[in-house]
Amino acid sequence: MKELECAKATAARYIEDMRLYLDAPLEYDRKLNGYYYDQQHAEKPYQLPGLWFSAEELNGLLI
449 MKELECAKAT AARYIEDMRL YLDAPLEYDR KLNGYYYDQQ HAEKPYQLPG
499 LWFSAEELNG LLI
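Structural data, given as structure tokens:
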């Protein structure tokens, strides 16, 4: 909440949305009192979705 500068309810909603819609492997750690990406139980490393452009598309954007 501190990092996001938002209320507890908003942070909880963001975490739930990431789990549901982005299939993010977020787990809660009581010792650290926070959430983390659970990479150990994932088949492949998790990455947030992003925009991927081909070399031609990037060149077109630059021109």
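Read left to right, the sequence shown gives residues 449 to 511 (the working numbering).
Virtual Cβ for every residue (Gly too), placed ideally from N, Cα, C.
This one's a predicted model, so the numbers in the text were calculated from it and none came from an experiment.
Using a Cβ-Cβ cutoff of less than 8 Å, which residues in the same chain neighbour residue i once the five nearest sequence positions on both sides are dropped?
i, result
"Y462", "L452 and C454"
What are the boundary residues of the alpha helix (DSSP H) that includes residue i?
i, result
"L513", "Look at the range of the chain in this structure, 449 to 511, and you will see that residue 513 is not part of it."
"E482", "Just to set this straight, residue 482 is Gly in the shown sequence, not Glu. Here G482 belongs to no alpha helix (DSSP H); instead the beta strand (DSSP E) covers G482 to Y485."
"G508", "A503 to L510"
For the beta strand (DSSP E) containing residue i, name the first residue and the last one.
i, result
"E491", "No beta strand (DSSP E) holds E491; DSSP gives it neither H nor E."
"L474", "L474 to D477"
Relative to the alpha-carbon of residue i, which residue among the options has its alpha-carbon at the smallest distance?
i, options, result
"K450", "M466, Y469, D465 and N481", "N481"
For residue i and residue j, which I take to be in contact (beta-carbon distance under 8 Å), what is that distance rounded to the nearest angstrom?
i, j, result
"P473", "Y485", "6 Å"
"P497", "L470", "7 Å"
**Request:** Taking 8 Å as the threshold, find out whether the segment 471-480 comes into contact with the segment 499-508 through three or more Cβ pairs.
**Result:** Because the criterion of three Cβ pairs below 8 Å is not met, the segment 471-480 and the segment 499-508 do not touch.
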